[in-house]
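Line order of the protein sequences matches chains Y and D. Residues are numbered in the numbering used here as their position in the first sequence, beginning at 1, plus a constant of 46. Residues are numbered in the numbering used here as their position in the second sequence, beginning at 1, plus a constant of 7. Worksheet: the structure to be examined is printed underneath.
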Amino acid sequence: MTDDVLLTILIVLPFVGSLLAATFRPNARNSEAWLAGGVALVCLFLLISAYPAIVEREVLRSEAEWIPALGLGFSLRLDGFAWMFALLVTGIGFLVVLYARYYMSPKDPVPRFFSFLLAFMGSMLGIVIAGNLIILLLFWELTSIFSFLLIGYWNHTAGARDGARMALVVTGFGGVALLAGVVLIGQIVGSYDLDQVLASGEAIRSHVLYLPALILILLGTLTKSAQFPFHFWLPNAMAAPTPVSALLHSATMVKAGVFLLTRLWPVMAGTPEWFWLLGLAGMAALVLGAFFAIFQHDLKGLLAYSTISHLGLITMLLSLGSPLGAVAAIFHMMNHATFKASLFMAAGIIDHETGTRDMRKLGGLFHYMPVTATLAMVASAAMAGVPLLNGFLSKEMFFAEAIETHVSSLLDTSQPYVAVLASTFAVTYSLRFISSVFFGAKPDDLPREPHEPPFWMRVPSMFLVLACLVVGIFPAATVGPYLLTAVQSVLGTRTPVFSLAVWHGFNLPLIMSAVALVAGALLYLALRNYLRHSPEGPPLLRHLNGRHLFERGVVVLSLKWSRAAEMFVSTRRLQPQLRILLLAAALAALVPFSMGSLSLRWPTGSDIDPALALVWLAGAACAIGAAYQAKYHRLVALVLLGGAGLATCITFAWFSAPDLALTQLLVEIVTTILILLGLRWLPKRFEEITTEENPWRRRLRRSRDLGIAFVVGAGMATLAYAVMVLPLPETIGSYFLERAYTEGGGRNVVNVILVDFRGFDTLGEITVLAVVALTIFALLRRFRPAPDNIGSPQQQRRQNAFDEAEPDRKAGDTLGDYLLVPSVIMKWLFPVIIVLAIYLFLRGHDLPGGGFAAGITLATAFILQYLASGTTWVEDRLRILPVNWIGLSLLLAALTGMGSWLFGYPFLTSHSQYLDIPLIGRVPAATAMFFDLGVFGLVVGATVLTLIALAHQSVRKLRAARTTTAQAVREEG
Amino acid sequence: MALLLATCIGILAGSGVWLLLRPRTYQVVIGLSLCALAVNLFIFSMGRLRSGAPPVLSSTAGALADYADPVPQALVLTAIVIGFATTALLLVVLLAARGFTGTDHVDGQER
């Protein structure tokens, strides 16, 4: 298998598995586990089979093109260190899948869980085997996202949601910092390729941007690895299902930070800045994490703080800048992953079998689950650093390094003491974990009767504990060569001579270990009674809660400050926004004048036709009148709007645009009906009511708006005039005029443009029309009018009162007689208008008409029937089904377009010819006609649907909008 | 003629803008319709004004010298129909808002 194939499978397989896992049934625990476990195993075997090649050639590479313009390749790279890490990810991943099969309850929707878990595994592998820093960052962010989804898996609990959000915000913030840091590194090196970056250590360390880059990268890595002061997200992430904690919070994700630090160690370590920044952060996490861990009552909380402390240990080892420190760091990453994952599994088993994780409630479980207890005891002994276990070996290396002087300073001098102190705490909390859960009095108030878990649930933990023991007893024979490969790939020629042995003679580190063990045990005995009843959290520092600080910060930043900023620079009021928009548009329109590309000639009014001038005298009066009357006399304003529309329509006809005149006239009709239907739902408004507003202020406001209206109107007039007096240059219009008949087969050029040349645009437009109509339909289905509009209108009430008063009349008679003659005419006009619509449609390709005009005409025919006889009468006799019209017409238009594919032409190519039809004669026929039929039907459907949906509101039984909601909205706003 | 039409476009736009800046939703609907008329006429006038030359071919091919420019007309034709649809949508949204907030002020609350 070539390197390319191997690395690609490693990175692609988990994501493919993730997609597949998402499709299973909600309770398919077994098949999910088989799938996820299978994926993890395949990756694991691929890695194992790649080991000889890595020993032989050091690095396996794969390069694929990604964004060549930026010099970025999708490069993957597997060396010894990456191999070791990938082995941890897939190996522990496999064990966690096995464990999760038994941990997850049948009620949990497992496809989501396993899908996210596999995707996380893929992202983590991506970080590990990324061959350039940008790819690494990409997968880095993916781990943040999938960790968010996994922590929040039980999204019905507030703790899970908060913990997930906190983890995402903190690690996401770190991700941004890391991106900036990586970009700086890229600027220094001139490439993001890992090999080139690793070869430019000297250049990076001596560059002026070294310190900013270092700080940014440390922000990214320390947040990811939950180091002080960003550690607080990890304990809150314990709301995740325990398998997630076992994988993410012990072995993989939190290790991504220290992984990257190790990766960059050869190029960035060894400077005083590195030593101080990293050393202080690591030491703080080491001591505080261990100290806080003692006082946690939640089993997983204890483990989380212990993880912070152990990661602090690794960070501190890396900060030293000595090769032996790096060796110890890499070794401890492996050791910590094994014992911590197994402890998390034990905690999950205890929680699963007893129903609680509170150490104050637990006790005496050794009696019920001896196997689990033994496994947990061995793993915690490894955590405490007891000899003959793997934790002991890396801790001894740590002690040995702590004694050495690296950069003489107070920090360096204090290291041995701090190391012993932290180890003491580690012994204390490990002892507490064991003694409070498995020994002591038997609990009497557990939610469930405890017993051993299923055998296979214990197997993963058993395997890991076995690894702790084997590595702890025979280190050189088991992990020795693999560790050497990993170390060599990081340190290269600087690889030191190190010996992995249990017994190094009677030396200082051994004494330190002994002191820590004894002191830790004594400390536990001293604290035991206090811990049994104390509240959660360490004494004195209990109120210094990172979580509270974080939440307050979030509230201040995302609520208070953003509100303040909104108050300061923005408004929710429509009118100021529109004012600014209009003024900006007016200013923008001035640009062509000021650039000199448009010049004004003094107008001459000599060629004005008096007839059209008269039309527009009326039209302008209508427009101004509508503007003046729209507040108190809505019906008048509507009529006047129609007048202005009519003037526009005549203008179109006057200036050689018969199609526009026709369409404008028809649209005026439906617009008027539409707004008439809406009038019913508006509140009454009387001129007599005056507001308390200061009349001067009101006058000022109105003059300002009048000024804006004048400026916009005058500006538009000037612009229109300036363009209209210019001679028409050669436009694309001539292209269409020349080809409309020869290529489109029609004489009406406007129609040919719409249905043929620019048919794709028209398809888009009718789609918009359909969307709008359906939106209106959907909005009106849940329509709740204001309470004062619920009753019948005044006119209807008066008519009904009259009917009731007269003995020989029934209610509704007057309404039935209303406009009797016109309504009879309207009924008789129905077939006539339909014929007119068909006529307009058929002639559209050659003469004014076409789908749009014909569609509105037919819609008008339907609407007239509603007007003449009322909704109930019409719908008893005629079912129009406008939604079907819309759907089928859109389908027809699209299919016509696709039809040209059959003949090997692009979408919406049309064909035209003349057909001889008996009796009628030669008739033009173009495929564009089918498209126009689609337009026609859609316009009918959309117009009718809109108007009928609105008309139906008057005959529906309506419920008023709840005034409480209205009040709530008012108060909120 | 250009002067006449330009003035009318200005008057339509000015009346429409005045209404757009008013606080009542109905005024905004009417204002938007007036603005739509002004804008349609404006776009149409960019093809220049010619009488008696509709772009309906009498022979198999035409030239810009004999016919009015069909492109602005095609643009405006769809704009008229879409204008109706958006007016309808605006009206319905405003009606729903009026039912929900109890007021016909554009901001959903009296100021």
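Cβ coordinates follow ideal geometry from the N, Cα and C atoms, glycine included. Since the structure is predicted, the reported quantities are computational estimates derived from the model, not experimental observations.
- Membership of Tyr-960(Y) in the beta strand (DSSP E) is indicated by the continuous run 958 to 963.
- Along the length of the segment 292 to 339 of chain Y, whole beta strand (DSSP E) runs at least 3 residues long do not occur.
- Secondary structure of Ile-113(Y) (DSSP, three-state): strand.
- Per the Cβ contact rule, the segment 93 to 106 of chain Y is not in contact with the segment 189 to 206 of chain Y (fewer than 3 Cβ pairs under 8 Å).
- The three-state reading of DSSP puts Val-63(D) in strand, counting E and B together.
- Ser-1000(Y) carries a coil assignment under DSSP once its states are collapsed to helix, strand and coil.
- Close to Phe-698(Y), with beta-carbon spacing below 9 Å, are these residues of chain D in chain order: Asn-47, Leu-48, Phe-51, Gln-80 and Val-83.
- Between Thr-860(Y) and Phe-876(Y), the gap from beta carbon to beta carbon reaches 9 Å or more.
- Of all residues in the segment 652 to 684 of chain Y, the ones placed with a Cβ closer than 8 Å to any Cβ belonging to chain D are Asp-653, Ile-654, Asp-655, Leu-658, Ala-659, Trp-662, Gly-665, Ala-666, Ala-669, Ile-670, Ala-672, Ala-673, Ala-676, Lys-677, Arg-680, Ala-683 and Leu-684, in chain order.
- In the structure shown, the three-state DSSP call for Ser-702(Y) is coil.
- Shown in chain order are the members of the segment 753 to 770 of chain Y whose Cβ falls below 7 Å from a Cβ of chain D: Ile-754, Ala-755, Phe-756, Val-758, Gly-759, Ala-760, Met-762, Ala-763, Ala-766, Tyr-767, Val-769 and Met-770.
- Per the coordinates, the alpha-carbon of Val-135(Y) lies some 53 Å from the alpha-carbon of Ile-812(Y).
- A distance below 7 Å between beta-carbons, with the five flanking residues on each side excluded, links Ser-169(Y) to the following residues of its chain, in chain order: Phe-185, Leu-188, Thr-189 and Phe-192.
- For Leu-435(Y), no beta strand (DSSP E) encloses it, and the DSSP letter there is neither H nor E.
- Taking a C-beta distance under 9 Å as the contact criterion, Ala-988(Y) and Pro-894(Y) do not qualify as a contact pair.
- Residues of the segment 821 to 844 of chain Y with a Cβ closer than 7 Å to any Cβ of chain D, in chain order: Thr-821, Ile-822, Leu-825, Leu-826, Phe-829, Arg-830, Pro-831 and Ala-832.
- Rounded to the nearest angstrom, the Cβ distance from Tyr-475(Y) to Leu-348(Y) is 6 Å, consistent with a contact under 8 Å.
- Residues of chain D whose Cβ lies closer than 7 Å to the Cβ of Asp-705(Y) are, in chain order, Gln-80 and Leu-84.
- Two segments are said to touch when three or more pairs of C-beta atoms, one from each, lie closer than 8 Å; by this definition the segment 276 to 288 of chain Y touches the segment 350 to 363 of chain Y.
- Secondary structure note for Phe-278(Y): it is in no alpha helix (DSSP H), with a DSSP letter that is neither H nor E.
- Chain order gives no chain Y residues near Leu-39(D), where near means a beta carbon separation below 9 Å; the closest approach is about 10 Å.
- Around the beta carbon of Asn-553(Y), fewer than 16 other beta carbons sit within 10 angstroms, so the residue counts as exposed.
- Taking a Cβ-Cβ threshold of 7 Å, the residues of chain D close to Gln-710(Y) are Ile-87, in chain order.
- Residues of chain D whose Cβ lies closer than 7 Å to the Cβ of Ile-173(Y) do not exist; the shortest such Cβ separation is about 48 Å.
- If you ignore the 5 residues before and after Pro-157(Y), its C-beta comes within less than 8 Å of the C-beta of Ala-67, Ala-68, Thr-69, Phe-70, Arg-71, Pro-72, Ala-74 and Glu-78, all in its own chain and listed in chain order.
- Rounded to the nearest angstrom, the gap between the Cα atoms of His-579(Y) and Ser-481(Y) is 15 Å.
- Residue pairing from DSSP places Gly-119(Y) in a beta bridge opposite Glu-111(Y).
- The beta-bridge partner set that DSSP reports for Arg-31(D) consists of His-112(D).
- In chain order, Gly-119 and Phe-120 place their CB closer than 8 Å to the CB of Glu-111(Y), counting only its own chain and leaving out the 5 sequence neighbours on each side.
- Rounded to whole angstroms, the separation of the alpha carbons of Leu-692(Y) and Gly-945(Y) is 40 Å.
- Closer than 9 Å to the CB of Val-1001(Y) there is not a single CB belonging to chain D.
- Ranked by how close their Cα comes to the Cα of Trp-129(Y), the residues Ile-932(Y), Asp-154(Y) and Ala-96(Y) have Ala-96(Y) in first place.
- For Phe-898(Y), the chain D residues whose C-beta falls within less than 7 Å of its own C-beta are Leu-84 and Val-88, listed in chain order.
- Look at the segment 709 to 730 of chain Y: the residues with a C-beta under 7 Å from a C-beta of chain D are Thr-709, Gln-710, Val-713, Val-716, Thr-717, Leu-720, Ile-721, Gly-724, Trp-727, Leu-728 and Pro-729.
- Interface flag for Asn-282(Y) against chain D is unset, since no Cβ pair is found closer than 9 Å.
- Looking only at Val-143(Y), Leu-93(Y), Ile-180(Y) and Val-174(Y), the smallest Cα-Cα distance to Ile-113(Y) is reached by Ile-180(Y).
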